[in-house]
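Engineer: Take this structure first; my questions come after.
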Amino acid sequence: MSEKAPSLDPLELSAYFAFMEVSSLLRHAVEQQLTDAGGLSYVQFQLLARLGNSPEGRQRMTDLADGVVYSRSGLTHQAGLLEKAGLVTRAPSVEDERSVTLTISEAGRAVLAAVFPGHIELLKTLFFAPLSHKDVVALADSLTSVRDLLRSAPPRSAAPRRRKINEKRAGA
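Below, the structure written as structure tokens:
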């Protein structure tokens with residue numbers, strides 16, 4: 239008995255390729271705008287935006303890595319660059335001395351204020367302009383469902399640590 243290999247129907251394949259192409263093209267345009275307006279990489283912008291949006295302007299680095307889906311070592315490097323530029327500070331967490339907390343500085347908030355107007359304009363022009371309100375609602379609902387499914391597994395930033403813990407438990 240031969241099993242048929244799984245495949246995508248033409249609509250699914252078209253949706254997948256369109257999503258991937260839009261994602262790549264939009265990411266390139268966003269990265270260029272962020273570099274031009276604030277000297278930021280995309281991940282640096284994500285970090286500053288998450289910190290700027292958090293109630294006290296700070297978060298644990300592990301939580302940030304999971305939130306932006308970035309490796310802990312990569313995040314440490316990016317945080318170091320942001321700290322060197324005076325946009326954030328790093329300190330031991332008050333809740334858990336093993337953790338490090340990243341806090342946005344006033345200079346970091348100023349950079350966010352400088353990049354946001356152009357960032358918003360770029361998104362309105364390149365991403366939202368061809369969509370109706372109904373399209374945006376459908377897109378948000380669809381992408382939220384996919385995101386939630388993907389987030390149901392541990393983020394990749396947490397995977398290596400959990401794997402090592404499980405190996406130790408198994409006696410490997």
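Numbering (our numbering), first residue to last: 239 to 410. Here a beta-carbon is modelled for each residue, glycine too, at the ideal position from N, C-alpha and C. Keep in mind it's a predicted model, so treat the numbers as computed, not measured.
Should the stretch 323 to 339 be regarded as contacting the stretch 256 to 272, the criterion being three or more beta carbon pairs within less than 8 Å?
Structural biologist: Touching, no, given that fewer than three Cβ pairs across the two stretches are closer than 8 Å.
Engineer: Please name the residue in Phe257, Ala243, Pro244 and Pro248 whose C-alpha comes closest to that of Ser380.
Structural biologist: To locate residue 380, count along the sequence shown from 1; it is residue 142. Of Phe257, Ala243, Pro244 and Pro248, the residue nearest in Cα terms is Phe257.
Engineer: Relative to the alpha-carbon of Arg276, which residue among Leu302, Asp386 and Val353 has its alpha-carbon at the smallest distance?
Structural biologist: Sequence index remark: in the sequence shown, residue 276 carries index 38 (1-based). One detail in the question is off: residue 276 reads as Gly in this sequence, not Arg. Selected option, being the one with the closest Cα: Val353.
Engineer: From this set, Thr300, Glu359 and Glu294, which residue's C-alpha is nearest Thr314's C-alpha?
Structural biologist: Along the sequence shown, read from residue 1 onward, the residue named residue 314 stands at position 76. Comparing Cα-Cα distances from Thr314 to each of Thr300, Glu359 and Glu294, the minimum goes to Thr300.
Engineer: Going by Cα to Cα distance, which pick from Val349, Tyr308 and Ser311 is closest to Ala323?
Structural biologist: Stepping through the sequence shown from its first residue, residue 323 is reached at position 85. Nearest C-alpha to Ala323: Val349.
Engineer: Ordered along the chain, which non-local residues of its own chain (more than five positions away) have a Cβ less than 8 Å from that of Val196?
Structural biologist: Since the first residue of the chain shown is 239 and the last is 410, residue 196 is not available in this structure.
Engineer: If you reduce the DSSP assignment to three classes, tell me which class Arg401 lands in.
Structural biologist: In the sequence shown, the residue the question calls residue 401 occupies position 163. With a pLDDT of 49 at Arg401, under the threshold of 50, the modelled position of that residue is not reliable, and no figure is offered here.
Engineer: Helix, strand or coil: how does DSSP classify Val307 here?
Structural biologist: On the sequence shown, residue 307 is found 69 positions in, with the first residue counted as 1. Note: Val307 maps to coil in three-state DSSP.
Engineer: Might you give, ordered along the chain, the residues of its own chain that have their beta carbon closer than 7 Å to the beta carbon of Glu294, omitting 5 neighbours on each side?
Structural biologist: Along the sequence shown, read from residue 1 onward, the residue named residue 294 stands at position 56. Nothing meets the Cβ criterion.
Engineer: Can you name the start and end residues of the alpha helix (DSSP H) that Val349 belongs to?
Structural biologist: Along the sequence shown, read from residue 1 onward, the residue named residue 349 stands at position 111. Here the alpha helix (DSSP H) through Val349 covers Glu344 to Leu361.
Engineer: In the DSSP assignment, find the unbroken alpha helix (DSSP H) run with Pro293 in it and report its ends.
Structural biologist: Taking the first residue of the sequence shown as 1, we reach residue 293 at position 55. Run containing Pro293: none; DSSP gives neither H nor E here.
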